[in-house]
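Engineer:
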Amino acid sequence: MTKFLSFCKRNCLYLAWFVSLVAVAGSLYLSEVLKYEPCKLCWFQRIFMYPQLFLLGIATFRGDKRIIPYVLPLSLIGGSISIYHYAEQKIPALSKVLPCTIGVPCNKDYLNFFGFITIPFLALIAFALISILLWYGRKEEEVMELDTEESLGF
1292 MTKFLSFCKR
1302 NCLYLAWFVS
1312 LVAVAGSLYL
1322 SEVLKYEPCK
1332 LCWFQRIFMY
1342 PQLFLLGIAT
1352 FRGDKRIIPY
1362 VLPLSLIGGS
1372 ISIYHYAEQK
1382 IPALSKVLPC
1392 TIGVPCNKDY
1402 LNFFGFITIP
1412 FLALIAFALI
1422 SILLWYGRKE
1432 EEVMELDTEE
1442 SLGF
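So for the sequence shown, our numbering puts the first residue at 1292; every next one is plus one.
1. So, for L1321: in the same chain, excluding its five sequence neighbours on each side, which residues have a beta-carbon less than 6 Å away from its beta-carbon?
2. Residues in its own chain within less than 7 Å of S1422 by CB, not counting five upstream and five downstream?
3. Which term fits F1335, buried or exposed, when burial requires 16 or more other beta carbons within 10 angstroms of its beta carbon?
4. Using three-state DSSP, classify F1405 as helix, strand or coil.
5. Output the distance between the C-alpha atoms of I1458 and C1333, rounded to the nearest integer angstrom.
6. Taking the straight line between their C-alpha atoms, what separation do you get for E1432 and F1309?
7. For E1323, is the classification buried or exposed, using 16 other Cβ atoms within 10 angstroms of its Cβ as the cut-off for buried?
8. Compare the Cα-Cα distances from R1429 to each of I1374, C1303, F1295 and F1298 and report the closest residue.
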């Protein structure tokens, strides 16, 4: 298991970039090829996923882990939107909280594999994977700095 974790830590930028590449390609495939019209919450998730493709791509090319503190919030916010969107699809009462009144309703299921795998669920998995990879791949100095601050009571 430690070999796998060290591989993930060494290659966190490559792996996170690959996840974002698959997510963006899947998103574009669903909307442009299959002609699934994105709802309002889908657009917000795209707003937080698409920049990661370019930011992580450049950081991967340069081998620059200093991008992590800037990209991690994009993943966390996008993941939060995905959680809400998924909950809205599975809990009908939530569609009244933030209704999608223009265009496609946000609780529409274009695809539903095994009764729980929907488009927002796939987006949530992508955001979660990127967040975990980036959190785990932070530089050792950052991790040690955070541990020192916690031990000092900050």
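The C-beta atom is built at its ideal place from N, Cα and C for all residues, glycine as well.
Structural biologist: Walking through what the data contain:
1. Y1327
2. L1363, S1366, L1367 and G1370
3. buried
4. coil
5. Any answer about residue 1458 is impossible in this case: the structure gives the chain only from 1292 up to 1445.
6. Any reading at E1432 must be qualified, since the residue scores a pLDDT of 44, below 50, and its modelled position is unreliable; no value is offered.
7. exposed
8. C1303
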